[in-house]
Amino acid sequence: MLKAVWAYRSFIISSIKNDFKTRFVRSKIGALWVVLHPLSMVLIYALILSSLLKAKLPEVDTVYAYPIYLTSGILAWTIFLESVSRSLTIFVDNANLIKKVAFPKLVLPIITAGIVALNNLVLLLAIFIVFAFLGHFPGWQVLWLPLLFVVTILFGMSIGLIAGVLNVFIRDIGQIVPVVLQFGFWLTPIVYTITIIPESYRHWFDYNPMTHIARAFQSVMLYNKPIDFNALAIFTVISIALLMLGLFMFKKAAPEMVDQL
C-alpha cells in the first residue's frame, strides 16, 4: 500500500495544490476565508467571556490572556475538526473518482491530511499576526507546534477514516459524528479553563484525548511551557492504534465500497 502511495506522490501533491486554489479562485479575499471563521469564534467568545475568566489566568501578565488562551485551543480544535469532517465524507464525496479511475484509494486520506495541514498553517500564520498586535510573542516552545500538528491530524484522520468507511455503508454515521463533535468541543477546556470545574470532576476530563492536545497547544503558545510528553506519548499510541484499525477496516471493505457508492 505504501509503495502504491509513493508511486502516486505527484498526484497527491497536485491534488493538495488544486484543492487550495479552487477553493478561492472566485473569491475576492482568497485564503482569508480559512482564518475568518475560527478567528470570528475567538472574537465572539472573547468579548462575551473575557471579563468572567480573566482572573482565572494569573500566570499570564496581560489583559489579553484569555483571547490568547482561547485562540490556542481553537487552533487545536480546528485542526482536529477539519481532519475528522473531511475524512468522514472522503469516500462518499469522491464516489465518481473511485468508480471511474483506478488508483490506490489510500491516497485520498493522505491528500486530506495535506489539505488540513496547509489550511491550518495559514491559520497559524494569521494567529501569530494577531498575537503580535496584542503584544504577545510566544517563546521557543512553539517549535513543538509541527509535532502537535502531526499528532492532532493523525488523531483526527484515524477517527475520520473509521467513520468514513462506516459512512459508506451506514449513512447515518455522517449525521451522528457532527453531533458528537459538538459535545466534544464543550467537553474540552477551550472556551473555559479546567480550574472552573469542581475538583472532584476534573479527572473525567483526562479521558478526553482532546483535553491533552488542547492543553499542549495552550502551553506552548500562551504559557511558553514544555508539552507533557507522557500524555502526548499516550495520545500518539492511541492515534496509531486507531489508524491501524481504520486501515484494516478500509482494506477489508474496499472491494465492497465501490458497489455501495
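In the working numbering, the protein residues as written are 1044 to 1304. Cβ coordinates follow ideal geometry from the N, Cα and C atoms, glycine included.
Boundaries of the alpha helix (DSSP H) in which residue i is found, first to last residue
| i | result |
| --- | --- |
| Ser1262 | Segment: none, Ser1262 is in no alpha helix (DSSP H) and carries neither H nor E. |
| Ile1154 | 1150–1177 |
| Ile1213 | Note, Ile1213: premise wrong, no alpha helix (DSSP H); not H, not E. |
| Lys1046 | 1045–1050 |
| Phe1248 | 1242–1248 |
Local conformation of residue i per DSSP, three classes
| i | result |
| --- | --- |
| Thr1231 | coil |
| Thr1121 | helix |
| Met1292 | helix |
| Pro1189 | helix |
| Asn1137 | coil |
| Pro1298 | helix |
| Gly1207 | helix |
| Gly1116 | helix |
Through-space distance from residue j to residue i, alpha-carbon basis
| i | j | result |
| --- | --- | --- |
| Asn1312 | Ala1276 | The requested residue 1312 does not occur in the structure, where the chain is confined to residues 1044 to 1304. |
| Leu1086 | Leu1177 | 13 Å |
| Ser1201 | Ala1274 | 18 Å |
| Pro1232 | Phe1293 | 33 Å |
| Leu1288 | Gly1157 | 21 Å |
| Leu1197 | Leu1286 | 8 Å |
| Lys1295 | Tyr1250 | 30 Å |
| Phe1054 | Leu1230 | 38 Å |
| Met1300 | Leu1140 | 13 Å |
| Leu1247 | Thr1195 | The sequence shown places Trp at residue 1247, rather than the Leu named in the question. Distance between the alpha carbons of Trp1247 and Thr1195: 21 Å. |
| Leu1045 | Tyr1244 | 44 Å |
| Ala1108 | Arg1066 | 33 Å |
Residue nearest to residue i in terms of C-alpha spacing, selected from the options
| i | options | result |
| --- | --- | --- |
| Phe1272 | Phe1293, Leu1190, Leu1288 | Leu1190 |
| His1255 | Ser1243, Pro1241, Ile1237 | Ile1237 |
| Gly1203 | Asp1062, Leu1090, Ala1259, Ile1153 | Ile1153 |
| Ile1091 | Arg1129, Pro1110, Leu1167, Val1185 | Pro1110 |
| Ile1283 | Gly1199, Val1185, Ile1056, Gly1116 | Gly1199 |
| Val1220 | Arg1052, Glu1125, Thr1065 | Glu1125 |
| Asp1215 | Gly1227, Phe1248, Val1135, Leu1140 | Val1135 |
Any chain C beta carbon closer than 8 Å to residue i
| i | result |
| --- | --- |
| Ala1119 | No chain C is part of this structure, which consists of one protein chain only. |
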